[in-house]
Amino acid sequence: MTGGRHDVIVIGAGFAGLYAVHRAAAAGMSVMGIDAADGVGGTWYWNRYPGARCDVESVDYSYSFDEDLQQSWTWTERFAGQPEILAYLEHVADRFDLTRHYVFGTAVTGAAFDERTGTWEVRTSNGTQHRASFLLCATGCLSAVNRPHLPGVGDFAGEVYHTAAWPQRDPDFSGKRVGLVGTGSSGIQAAPLIAASAASLTVFQRSPNYSVPMPNHPWTDDDMHRIRAEYAERRRRSAYAPAGTPHTSPAGPAADTGPEEREAALRQRWTQGGVLFSKTFADQLTDLAANDIAREFAEARIRELVADPAVADDLVPADHPIGTKRICTDTGYYETFNLDHVSLVNLRREPITAVTAGAVQTTTSEYPCDVLVFATGFDAMTGALSRIDPVGAGGARLGDLWADGPVTFLGMMIPKLPNLFSFSGPGSPSVLANMVLHAEVQVDWVMALITEARVLGVTQVEPRADAADAWTRHVTEVAEGTLFVHAASSWYLGANIEGKKRVFMPYVGGFGNYRRQCDDVAANDYAGLVFTSR
Ligand code: NA7
Numbered sequence: 022m023t024g025g026r027h028d029v030i031v032i033g034a035g036f037a038g039l040y041a042v043h044r045a046a047a048a049g050m051s052v053m054g055i056d057a058a059d060g061v062g063g064t065w066y067w068n069r070y071p072g073a074r075c076d077v078e079s080v081d082y083s084y085s086f087d088e089d090l091q092q093s094w095t096w097t098e099r100f101a102g103q104p105e106i107l108a109y110l111e112h113v114a115d116r117f118d119l120t121r122h123y124v125f126g127t128a129v130t131g132a133a134f135d136e137r138t139g140t141w142e143v144r145t146s147n148g149t150q151h152r153a154s155f156l157l158c159a160t161g162c163l164s165a166v167n168r169p170h171l172p173g174v175g176d177f178a179g180e181v182y183h184t185a186a187w188p189q190r191d192p193d194f195s196g197k198r199v200g201l202v203g204t205g206s207s208g209i210q211a212a213p214l215i216a217a218s219a220a221s222l223t224v225f226q227r228s229p230n231y232s233v234p235m236p237n238h239p240w241t242d243d244d245m246h247r248i249r250a251e252y253a254e255r256r257r258r259s260a261y262a263p264a265g266t267p268h269t270s271p272a273g274p275a276a277d278t279g280p281e282e283r284e285a286a287l288r289q290r291w292t293q294g295g296v297l298f299s300k301t302f303a304d305q306l307t308d309l310a311a312n313d314i315a316r317e318f319a320e321a322r323i324r325e326l327v328a329d330p331a332v333a334d335d336l337v338p339a340d341h342p343i344g345t346k347r348i349c350t351d352t353g354y355y356e357t358f359n360l361d362h363v364s365l366v367n368l369r370r371e372p373i374t375a376v377t378a379g380a381v382q383t384t385t386s387e388y389p390c391d392v393l394v395f396a397t398g399f400d401a402m403t404g405a406l407s408r409i410d411p412v413g414a415g416g417a418r419l420g421d422l423w424a425d426g427p428v429t430f431l432g433m434m435i436p437k438l439p440n441l442f443s444f445s446g447p448g449s450p451s452v453l454a455n456m457v458l459h460a461e462v463q464v465d466w467v468m469a470l471i472t473e474a475r476v477l478g479v480t481q482v483e484p485r486a487d488a489a490d491a492w493t494r495h496v497t498e499v500a501e502g503t504l505f506v507h508a509a510s511s512w513y514l515g516a517n518i519e520g521k522k523r524v525f526m527p528y529v530g531g532f533g534n535y536r537r538q539c540d541d542v543a544a545n546d547y548a549g550l551v552f553t554s555r
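In C-alpha cells, the structure reads:
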C-alpha cells in the first residue's frame, strides 16, 4: 500500500523525534512521524520498569526551545522518574499539537533512497510505504532491546519481562520469587523496588557496575521559583559545557591535589550524586592512577553499605576503571543485599547453564523462580538504525557501510545515504551528554541545513567520504586518548553484543567542542557536504 509523500519523515517520538516534528511543522514542511510505540515518549515509553529514573537533573533534562514551556512546567523532583518524564513528553506533544503528524504502533521495517525522485521510500510494519525528501532517524541510542539467548529460556513457565519493554500495567510480584538478570543501570534501579514487593529476589550478576547513590529530593516551590528565575543563565552555562549541563568543571589533575583536597573533591562529587562522579578529577578518565583514587573511594563506600563482606566483594567491580562503563545512579541498591530475602549470584563463578520451567540453573546450583526480569540492555547506538538497514545511493546498505564500525559525518550523516540524518547516534556525544539539549542542537543543525537546501533548490545532500572518514578518525583518536577504549568492555564499544564490531562509538571530545564543530561546518557553507540539484 502506498502512503503519502512528505517533505520530511521522522522515525521516533522521543525527545529528538518530537522536537524534529515540531521544527519541521513550524517551518511549514509537511512532516510525518512514525513510532512503533502506541504513544510518544521513546525510551521513556518503553522503559517503565520500577525505579526507572533519569540521572540528569530534571530541570536540565528538559527542552529549552520554548520559554513558556520552560517557565510553566513544574518538575516535582530533582531527578525525575519515568512517569513524570513521560507525562512531560505527552504534555509537549499536546501543547505543540504534534501527535496529529504521527502514526503510532507502526515500526519502520526498511528504507530505500530512490535516486530517480530524490526521495526516501519508507516501509512500515503495517505494509504501507511512505515517501519523503528527508528522512530523520530519531531512533534512539538505547532502544534496540538486547534479549539474552539463554539455553531453555523458552521453556520457562513463569512470567518473563524485559526492563526495556515493560508492560503498561505493572506486574504484581507479591508472594513471587523473582530472578533478575543484569546489573547495569536498569537492574540496579529496579532491584530495590522489586525486592520491596517480591517474596524473594535473586540477582544474577555477570559484571558488577559502579553505582553512586542518587541524592534525590522533591523540588519545593521555592526551588522551582529560583530555577525559573535563573533558567536563562542555567541554559547559557549548559550550552557549550562538556556534558551539556550547567555543572562546574572538575578539580584539576588528581596528582596536583593533596590528600585532604582529594578526599573533599571526591566526597563533594559523591554527595552531588550520579555520573558526575566519573569526572571528579580532570584526568580521571585518561590516567589510571587518577582513576584508581576515585575507584578506591567508591569501593570503600560500597563496602560501607553492604553488611556481608563476601557479598561486597562480589559487588565491587574489578574489571574496569570507574566511569569507563556508564556509572549507575541508584536509590538503595547496595543496601538491598542486606535484606534476608535478597541474594546475589556471581555468574563469573557459576555461569548460567540453562533456564528450566521453574528455575535458573547455574554450574553449581538451581534457583527456583516464578518470574524472570531481564535487565540486559540494548544493542546501543547503532542497533535501531541497523535493524532498519537503510539502502542509499547505488544500492549501498548501511549494514555494509558500517561493517567495520560506524562511519559518520558529525555523527549525523552517512556517505551514500543522502538526505538521511541520524540523531544521538555513533560519532556524536550522545549518551555522554545531556540528551535533551543534544537533541535540540542536532535537530536545529539539521533543520537549518534542510531549510538552506530547500531555499537553494538542492534535492540531495550528503557528506563526502573523506569528510566522514576524517570525522570518524577524529572520534576514534579522541577516544584512544582515554581509558574508555582498552580498559573496559562496555556497550559504548558494542562489547555487549556478540559479533558486533568493537569500535568506541560516542564522541568523548565533549558536548561543547562537538557543538562548536557543528557550528563551524554550518558557518563554513557546510564544508564537507555535497549538494546536488536535479
Ligand atoms: P546495560 O548497562 O547494558 O546492562 C545490562 C546488564 O545485563 C549488564 O549487567 C550485563 O552484563 C547483563 N547481561 C547482558 N546479557 C547477559 C546475559 N546473557 N547473561 C547475564 N547477564 C547479562 O543495560 P541497562 O539497561 O542497565 O542500561 C543501559 C543504559 O540505559 C544505561 O547505561 C543508562 O545510560 C541508561 P555484562 O556487563 O555484559 O557482563
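So the mapping is simple: the working numbering equals the position in the sequence shown, first residue as 1, plus 21. Beta carbons: idealized from backbone N, C-alpha and C, even for Gly.
Not one heavy atom of ligand 1 falls within 6 Å of the beta-carbon of P338. By the 16-neighbour rule on beta-carbons within 10 angstroms, A276 is exposed.
Excluding residues up to 5 positions away in sequence, H43 lie with their Cβ nearer than 6 Å to the Cβ of F117 in the same chain. In this model, N167 and E519 are separated by some 10 Å (Cα to Cα). Secondary structure note for I55: its beta strand (DSSP E) is the uninterrupted segment V52 to I55.
In this chain, the alpha helix (DSSP H) harbouring V464 covers M456 to L477. Contiguous beta strand (DSSP E) elements confined to the segment 118-161 occur at 129-135, 140-145 and 150-158, taking only those with 3 or more residues. Excluding its 5 nearest sequence neighbours in each direction, Q382 has C-beta neighbours in its own chain below 6 Å: T374 and A375, listed in chain order.
Contact between R152 and E142 holds, since their C-beta atoms are separated by about 6 Å, short of 8 Å. When rounded, the separation of the alpha-carbon atoms in A486 and H183 is 39 Å.
Relative to S85, the option among T345, A46, H507 and A37 whose CA is nearest is A37.
Within the same chain, and ignoring the five residues on either side of N455 in sequence, the residues whose Cβ sits closer than 8 Å to its Cβ are V77, D81, Y82, S259, A264, G265, T266 and F532. Per DSSP, D115 is one residue of the alpha helix (DSSP H) stretching across Q103 to R116. Contact between the segment 504-522 and the segment 341-359 is present: three or more C-beta pairs spanning the two stretches fall below 8 Å. Counting only residues of its own chain and dropping the five nearest sequence neighbours on each side, G530 has a CB closer than 6 Å to the CB of V499. Between G49 and V392, the beta carbon gap of about 51 Å keeps them out of contact (Cβ cut-off 8 Å).
Contact fails between the segment 97-115 and the segment 124-138, because fewer than three Cβ pairs, one in each stretch, are under 8 Å apart.
Between L309 and D335 a beta carbon distance of about 23 Å is seen, past the 8 Å cut, so the two are scored as non-contacting. Within the model, the alpha-carbon separation for Y535 versus P436 is close to 19 Å. At least one heavy atom of ligand 1 lies less than 6 Å from the C-beta of N517. Taking all protein chains shown into account, P330 has fewer than 16 neighbouring C-beta atoms within 10 Å of its C-beta and is therefore exposed.
Per the Cβ contact rule, the segment 416-430 is in contact with the segment 387-407 (3 or more Cβ pairs under 8 Å). Straight-line spacing of the CA atoms in Y261 and R537 works out to 8 Å. At a threshold of 6 Å, P169 counts as near ligand 1, since its beta carbon sits closer than that to one of the ligand's heavy atoms.
CA-to-CA, the gap between S207 and A396 works out to about 6 Å. Distances from the alpha-carbon of D313 to those of E483, D340 and L326 put D340 closest. Rounded to the nearest angstrom, the gap between the Cα atoms of V31 and T160 is 9 Å.
Of the residues L156, V174 and G35, the one whose Cα lies closest to the Cα of A108 is G35. CA-CA distance, R249 to E105, rounds to 18 Å.
DSSP places R69 in no alpha helix (DSSP H); its state is neither H nor E. Not a single unbroken stretch of the beta strand (DSSP E) spanning 3 or more residues falls wholly within the segment 515-541. In this structure, D400 keeps its C-beta atom at 7 Å or more from the C-beta atom of A132. In this structure, T301 has its CB at a distance of at least 6 Å from all heavy atoms of ligand 1. The three-state secondary structure of Q226, taken from DSSP, is strand. For V499, the enclosing alpha helix (DSSP H) has its first and last residue at A486 to E501.
Its chain contains L309, H341, P342 and T345 as the residues whose beta carbon lies nearer than 8 Å to that of A508, once the 5 sequence neighbours on both sides are disregarded; these appear in chain order.
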